[in-house]
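Working notes for the structure below.
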Amino acid sequence: MDRTPAKNAPDAHLAAQGEPATGKQARRSAEMRRRLCQAALDVLCEVGYESLTTSMIAARAGVSRGAQTHHFATKADMLVAAFEHLLQNWEEARQEAFGGTDLRDVPFEVYLRFVWREIFSKPSYIAALELMLAARVDKELGERLRRALDSPASQRNLRWHQILRFPDVRKEEQFQHMTLCLLRGMAIHTSFNRSDDVNDAILDAWIELASKVIALERPDDTTVR
1351 MDRTPAKNAP DAHLAAQGEP ATGKQARRSA EMRRRLCQAA LDVLCEVGYE SLTTSMIAAR
1411 AGVSRGAQTH HFATKADMLV AAFEHLLQNW EEARQEAFGG TDLRDVPFEV YLRFVWREIF
1471 SKPSYIAALE LMLAARVDKE LGERLRRALD SPASQRNLRW HQILRFPDVR KEEQFQHMTL
1531 CLLRGMAIHT SFNRSDDVND AILDAWIELA SKVIALERPD DTTVR
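Going by my numbering, the residue at position 225 of the sequence shown is 1575; the numbering climbs one at a time, nothing skipped.
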């Protein structure tokens, strides 16, 4: 009879036990934080920063105030985490759309339509705008939000550089910021528009104008579209 010890017995025993308690707890904790962060964004969109309370967030998430304060001791902690959650959502959308693609191969029009559709035109972007405005009067919150944005903003600038590739860096930065200001303005004005056609027409007009600017800045680049 083969009496060779069953080397995989410990592994089989662990599998039978299922996920370790610490793993389950970490997963539940992460899910709770995600729910609270999403609830904070939803409430920000609906009532704005001035009217927002932590009780509203807890109610939207369907959790007790005690559970909320266990994860986020203060309102500022909650809002900074919600902002980081939103930034992560945007990054995941980019990864899904472009993966690890070098954005040098992505036409300006394609990327601009993506950021408008997946970031600026979403209701959640209003939450980001509310936090930007809150940062004007709450200096501590503003500083924490800026720190949270530092790395994503650097990555954002790199992506735009890969797409634009202007020989004149100063002009490239100006054009990038003009584009972002346009998108933010479109997002703010959405609630005043009588139809989505208004922003669609503005986006088309900017793409047409931008293609001419890019061609002027990169006259020897045959890939400009």
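Ideal Cβ placement from N, Cα and C applies to all residues, glycine included.
TODO: Leaving out five residues on either side along the sequence, give the residues of the same chain with a beta carbon under 6 Å from the beta carbon of F1516.
DONE: By one-based count along the sequence shown, residue 1516 stands at place 166. The answer, listed in chain order, is E1522 and E1567.
- [ ] Might you give, ordered along the chain, the residues of its own chain that have their beta carbon closer than 7 Å to the beta carbon of A1389, omitting 5 neighbours on each side?
- [x] Position 39 of the sequence shown, counting from 1, holds the residue named residue 1389. Hits under 7 Å: I1407, R1410 and A1411.
Task: Cα-Cα separation, F1458 to F1542 - done: Here the question's residue 1458 lines up with position 108 in the sequence shown. Here the question's residue 1542 lines up with position 192 in the sequence shown. Roughly 27 Å between the two C-alpha positions.
Task: Beta-carbon contacts of T1404 that lie in its chain and below 6 Å, excluding the five residues immediately before and after - done: Within the sequence shown, numbered from 1, the residue matching residue 1404 stands at position 54. In its chain, beyond the 5 residues on either side, K1425 have a beta carbon closer than 6 Å to the beta carbon of T1404.
Open item on the list: Please report the distance separating the alpha-carbon of A1380 from that of L1436.
Closed with: The residue labelled residue 1380 in the question sits at position 30 within the sequence shown. The residue labelled residue 1436 in the question sits at position 86 within the sequence shown. One C-alpha to the other measures close to 15 Å.
- [ ] Return the CA-CA distance between A1499 and D1546, expressed in angstroms with no decimal places.
- [x] The residue you call residue 1499 lines up with position 149 of the sequence shown. The residue you call residue 1546 lines up with position 196 of the sequence shown. Reading the sequence as shown, one finds Leu at residue 1499 and not Ala. L1499 and D1546 have their alpha carbons spaced roughly 29 Å apart.
Task: Of the residues L1391, V1413, C1395 and Q1445, the one placed nearest R1378, counting alpha carbons only - done: As a working mapping, residue 1378 is identified with position 28 in the sequence shown. Answer by Cα proximity: V1413.
Task: Endpoints, alpha helix (DSSP H) assigned at F1448 - done: Working through the sequence shown from its first residue, we reach residue 1448 at position 98. It spans K1425 to F1448 - the alpha helix (DSSP H) in which F1448 sits, taken as one unbroken run.
Task: Best match in N1439, V1397 and I1476 for proximity to T1588 [C-alpha to C-alpha] - done: With the chain covering only 1351 through 1575, there is no way to say anything about residue 1588.
TODO: Work out the CA separation of D1571 and N1439 for me, nearest whole Å.
DONE: Locating residue 1439 in the sequence shown gives position 89, where the first residue counts as 1. Locating residue 1571 in the sequence shown gives position 221, where the first residue counts as 1. Here the C-alpha atom of N1439 lies approximately 33 Å from the C-alpha atom of D1571.
Open item on the list: Can you give me the C-alpha to C-alpha distance between E1490 and F1422, rounded to a whole angstrom?
Closed with: Sequence index remark: in the sequence shown, residue 1490 carries index 140 (1-based). Sequence index remark: in the sequence shown, residue 1422 carries index 72 (1-based). Spanning the two alpha carbons is a distance of roughly 16 Å.
Task: Coarse secondary structure for V1413, derived from DSSP in three states - done: Counting from 1 along the sequence shown, the entry for residue 1413 is found at position 63. The answer is coil: DSSP assigns V1413 none of H, G, I, E or B.
Task: Distance between A1443 and E1468 (C-alpha atoms, nearest Å) - done: Counting from one through the sequence shown, the residue named residue 1468 turns up at place 118. Counting from one through the sequence shown, the residue named residue 1443 turns up at place 93. Approximately 7 Å, taken between the alpha carbons.
TODO: Inspect the beta-carbon positions of A1417 and L1479 and report whether they are closer than 9 Å.
DONE: As a position in the sequence shown, residue 1417 is number 67, starting the count at 1. As a position in the sequence shown, residue 1479 is number 129, starting the count at 1. No.
- [ ] Entirely within the segment 1514-1562 and at least 4 residues each: give me those alpha helix (DSSP H) ranges in chain order.
- [x] Uninterrupted alpha helix (DSSP H) stretches at least 4 residues long and entirely within the segment 1514-1562 occur at 1519-1539, given in chain order.
Task: Nearest-angstrom Cα separation, counted from M1528 out to E1558 - done: Taking the first residue of the sequence shown as 1, we reach residue 1558 at position 208. Taking the first residue of the sequence shown as 1, we reach residue 1528 at position 178. One C-alpha to the other measures close to 15 Å.
TODO: For V1397, count neighbouring C-beta atoms within 10 Å of its own C-beta (all shown protein chains included) and say buried if the count is 16 or more, exposed if not.
DONE: Here residue 1397 refers to the residue found at position 47 when the sequence shown is read from its first residue. Exposed, by the Cβ-count rule.
TODO: May I have the straight-line CA-CA distance separating W1510 from Q1526, to the nearest angstrom?
DONE: As a working mapping, residue 1510 is identified with position 160 in the sequence shown. As a working mapping, residue 1526 is identified with position 176 in the sequence shown. Cα to Cα, the separation comes out at about 7 Å.
Task: Distance, R1385 Cα to L1533 Cα - done: In the sequence shown, residue 1533 corresponds to position 183, counting from 1. In the sequence shown, residue 1385 corresponds to position 35, counting from 1. Straight-line Cα distance between these residues: approximately 28 Å.
Task: Test item: CB-CB of S1471 and L1391 under 9 Å - done: The residue labelled residue 1471 in the question sits at position 121 within the sequence shown. The residue labelled residue 1391 in the question sits at position 41 within the sequence shown. Cβ atoms of S1471 and L1391: not closer than 9 Å.
Task: Same chain only: Cβ atoms within 7 Å of A1512, ignoring 5 sequence neighbours per side - done: Walking along the sequence shown from the start, residue 1512 turns up at place 162. The residue asked about is misnamed: residue 1512 is Gln in this sequence, not Ala. If the five residues before and after Q1512 are omitted, its C-beta is found closer than 7 Å to the C-beta atoms of D1452, L1453 and R1454, all from its own chain and listed in chain order.
TODO: In the DSSP assignment, find the alpha helix (DSSP H) that holds S1474 and state where it starts and stops.
DONE: On the sequence shown, position 124 is the one that residue 1474 refers to. Looking at the DSSP string, the run of the alpha helix (DSSP H) that includes S1474 is S1474 to V1487.
TODO: Could you tell me which of E1434, A1551, V1460 and R1544 sits nearest to A1503, measuring between CA atoms?
DONE: By 1-based counting over the sequence shown, the position of residue 1503 is 153. For the residues E1434, A1551, V1460 and R1544, the minimum Cα distance to A1503 belongs to E1434.
TODO: Can you grab the Cα-Cα spacing for the pair L1553 / A1447, in whole Å?
DONE: Residue numbering aside, residue 1553 sits at position 203 when the sequence shown is read from its first letter. Residue numbering aside, residue 1447 sits at position 97 when the sequence shown is read from its first letter. Rounded to whole angstroms, the separation of the alpha carbons of A1447 and L1553 is 20 Å.
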